[in-house]
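Numbering that gives the first Met the number 0 applies: residue 0 is where the first sequence begins, and numbers increase by one.
Ideal placement from N, C-alpha and C gives every residue a C-beta, glycine not left out.
This report refers to the structure that appears directly beneath it.
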Amino acid sequence: MKDFKAVRGVKDIVTYEEAAKWSAVIKKVESLFESYGYRKTFIPVIEHAELFSRSIGEETDIVSKEMYIFKDRKGRELALRPEGTAGVVRAMVENKMLQGNIREKVSYFGPMFRYERPQAGRYRQFYQLGCEVFGPASPMQDIEIVKMAVEAMSALNAQGCLTLKINSVGCDDCKKKYTQKVRKFLKEKAKDLCGDCNIRMDANTLRVFDCKESSCQELYRDIEPLSKNLCGKCDSYWKAYAEGVNKETRYITGLNPDFKIITDDYLVRGLDYYTGPVFEIESKSAGGAVIAGGRYDKLVKQLGGPDTPACGWAMGVERAASLYGYKGTNIPELYVIYLKGADERWLSETVVGGLRDNGVSVEEDKEDIPVGKKLKIADRKNVNWVIIMGEEEKKKGILVLKNLGDGSQIDINTGKCAEDGTGKMIREILEKIGKR
RNA sequence: GUGGGUGUAGCUCAGUUGGCAGAGCAUCUGGUUGUGGCCCAGAAGGCCGCCGGUUCAAGCCCGGUCACUCACCCCA
């Protein structure tokens, strides 16, 4: 028999611990979104490849070397989405959700795909929880989404060193002027630059900053970053943002002495659609950025929608889960062991059903194997309480409630015939297992 | 895409100058017919990642390949 293995760079979440972490992370962040008025959306994993090359940028690493592209049976060029924003915008535009003076807040969760070399906190299929706001174009909105991101980290009780990095990449005008300035500088130094940079300076000027040649990097250190060359409008927007972020997040970040806020001049060059303030929450131990996002005012129009300002962010679920200070597991609280001659149907419907209605998670073991084995299974699952019922118990009109911690056993009178017998019995069990 | 480390039982790992494939934990069986954990006795479990080469002989040496892992780049 052939051994099947997961494809490179993907991850199975199957253990109690990891599954519990994941569901807790997803639950907490989704309820945070909900508490801020975001609506959940469910959008496709496959899109036309062009959607991403047009929005993220043809020349970015994500599109040029990391995207999963394939042709379907009719020869359409499709791609597995490498990020969430482009698809959300496409869906909002296509479904005419952004007509008029609108405010839309939406969230999403799902897998993203990038063909990269796997390493700590980096997978080829990874999951993102993200949110997008359409409409408001005020620094206050940008500040709110950063605050939400910081609150998400706090809700996850994120452990270790965290850095909130902020920056502004500027509007198209800023970028154009800055590009001209940089190009002028490069022309003067052209003879000292590597061949690649000589090509880049005309084709994709700002990409020279990604050059790997240390001699080029030396020279670029003298160039003032874009954030210091913003137009008046972008500059005042950026200043309001920086001040507001510091003010609004200080309380929460202050709770963790290892949570720092800094301005990073070289933040977020990877996606072309950003137009203003951007931010990132980084954790070295999680493998890099845990949350990243920013403003993208031109994307909606660029993808055929009405001119709608927007901003948002995405969280890497694997990275967030790795920081999550969570110890629990999603094991059942109570385990029901049936023995030969037990009143199975009654027990299952009345007792187990009643306990479940009261929020207790109950697992039933109905296989006909020796009690000892069943107890061993329950013990291995780390269950605290078991109910045992068989012929003897049925005869006596009881069921046995056993504590696996100290081994004690309590007989619970089933009181099947009495009018209020069932409710009383359920209450007694709840009380004994400490659920009331 | 570039560079380093590692692949041996379910898990964590030993394995000598190349000479019969090992331990601990976990599992299963029995001691104990309907009471788990502790203890005792026993059992099972392996294409030594895969392909090729050198050799009388390869887990060990050589080449390739795949996977995992770490760093760079980039990113969530």
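Please state if the CB of residue j and the CB of residue i are separated by a distance shorter than 8 Å.
i	j	result
P110	V44	yes
T307	F133	yes
S106	E29	yes
F3	Y67	no
Q127	M314	yes
E317	G120	yes
G243	E131	no
V87	T248	no
I290	A241	no
Using alpha carbons as the reference points, say which of the options lies closest to residue i.
i	options	result
E391	V399, E281, D191	V399
P117	M388, I222, G286, L163	G286
G159	K373, D342, V88, S284	S284
A48	R89, A19, I260	R89
M424	K372, K365, N357	N357
D60	G303, E115, E143, A288	E115
V62	A78, D71, N383, G275	A78
Y15	G414, K380, I409	K380
L163	I280, S137, G293, L354	I280
A85	G275, Y177, Y295, I387	Y295
R355	K401, L429, Q301, V299	L429
G8	D234, S22, E65, S34	E65
I386	E362, V145, K394	E362
K186	K176, I142, V289, D201	D201
I55	L298, Q98, I165, L31	L298
A309	A189, K176, P276	P276
Determine the extent of the beta strand (DSSP E) in which residue i is found, giving its start and end residues.
i	result
K73	From DSSP, K73 is part of no beta strand (DSSP E); its letter is neither H nor E.
L400	397 to 402
A288	287 to 294
E46	45 to 47
K104	103 to 112
S282	276 to 282
E363	361 to 364
Y122	Careful: Y122 lies outside any beta strand (DSSP E) and carries neither H nor E.
V385	384 to 388
A309	309 to 315
Which residues mark the beginning and the end of the alpha helix (DSSP H) in which residue i is found?
i	result
M96	Premise fails: M96 is in no alpha helix (DSSP H) and is neither H nor E.
R426	420 to 431
F184	171 to 188
P138	138 to 154
Q301	298 to 301
A377	370 to 379
N412	Premise fails: N412 lies in the beta strand (DSSP E), 408 to 412, not in any alpha helix (DSSP H).
L31	15 to 34
V244	231 to 253
V62	60 to 64
In whole angstroms, give me the CA-to-CA distance for residue i and residue j.
i	j	result
V24	A319	7 Å
L403	D378	7 Å
R53	Y272	9 Å
E217	D264	16 Å
M0	D11	Reliability fails at M0, whose pLDDT of 48 lies under 50, so the model's placement of it is uncertain and the value that follows must be treated cautiously. Their Cα atoms are separated by approximately 22 Å.
E103	S321	31 Å
Y323	K232	39 Å
I336	G396	16 Å
G83	M147	18 Å
E223	C173	13 Å
A18	K26	12 Å
P369	G420	30 Å
Y334	V351	10 Å
K246	L50	37 Å
N156	K372	39 Å
G303	L266	28 Å
I411	E427	8 Å
L374	A341	16 Å
C215	L270	23 Å
Y236	S22	37 Å
D234	P138	11 Å
R206	I142	28 Å
Y122	T262	28 Å
L97	Q301	14 Å
F69	I42	19 Å
E366	G433	28 Å
I409	K401	6 Å
So, under 8 Å CB-CB, residue i and residue j are touching, yes? Tell me the CB distance rounded to an integer number of Å.
i	j	result
K339	G389	6 Å
F278	L161	No, F278 and L161 are not in contact; Cβ-Cβ is about 12 Å, not under 8 Å.
T204	V181	6 Å
T274	C193	Not confirmed; about 30 Å, so no contact.
V382	P305	In fact, because the Cβ distance is near 56 Å, the residues do not count as touching under 8 Å.
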